[in-house]
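Using the UniProt record's numbering, the letters of the sequence shown map in sequence onto residues 1 to 99.
Just so it is clear, CB atoms sit at the ideal spot from N, CA and C, and this is done for glycine as well.
For clarity, every value in this text was computed on a predicted model and none was experimentally measured.
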Amino acid sequence: ELWWATRTGARIVLAQPDAHRDPNRLLGLIDHTSITTVTLVPSLLAMLAEAAGERQLPASLRRLLVIGEALPAATLARITAKTTARVDNLYGPTEAAVS
Numbered sequence: 001e002l003w004w005a006t007r008t009g010a011r012i013v014l015a016q017p018d019a020h021r022d023p024n025r026l027l028g029l030i031d032h033t034s035i036t037t038v039t040l041v042p043s044l045l046a047m048l049a050e051a052a053g054e055r056q057l058p059a060s061l062r063r064l065l066v067i068g069e070a071l072p073a074a075t076l077a078r079i080t081a082k083t084t085a086r087v088d089n090l091y092g093p094t095e096a097a098v099s
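So this is what it looks like as structure tokens:
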């Protein structure tokens, strides 16, 4: 997750410990720092969609990298209704992953 960012000159923004427990705080961080790419698990993605309510996700977002667990179709539908960002579902069995 950090390798491609350092190779392309991207800025890396790390959330505070336990920030994942407050989706509104994460949305504020994304918006305030104009984050373009976020890596997260589907359960956190669902929490962000819920926290956004009727609002769209921050306009700076261009890519959501979804990892670590299966992405439910309902979560994908909710999130794509709130952003034009590309959603890449990178979930797969560990034995099929290449490091």
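Spatial distance of residue i from residue j (CA atoms)
i     : j     : result
Ala51 : Asn24 : 6 Å
Thr80 : Gly92 : 21 Å
Leu71 : Ala85 : 16 Å
Ala49 : Ala19 : 16 Å
Gly53 : Gly28 : 14 Å
CB of residue i within 8 Å of CB of residue j, strictly
i     : j     : result
Arg62 : Thr36 : yes
Thr83 : Gln56 : yes
Ile12 : Pro58 : no
Glu1  : Ser43 : no
Ile67 : Val41 : yes
According to DSSP, residues forming a beta bridge with residue i
i     : result
Asp88 : Leu65
Leu40 : Val66
Candidates the options: closest to residue i by CA position
i     : options                    : result
Leu65 : Asp22, Leu29, Val38        : Val38
Ala10 : Ala73, Leu90, Ile67, Thr33 : Thr33
Gln16 : Leu45, Leu90, Leu26        : Leu26
Residue-level contact to chain D via CB, residue i, 8 Å cutoff
i     : result
Pro58 : Looking for chain D here will not work: only one protein chain is present.
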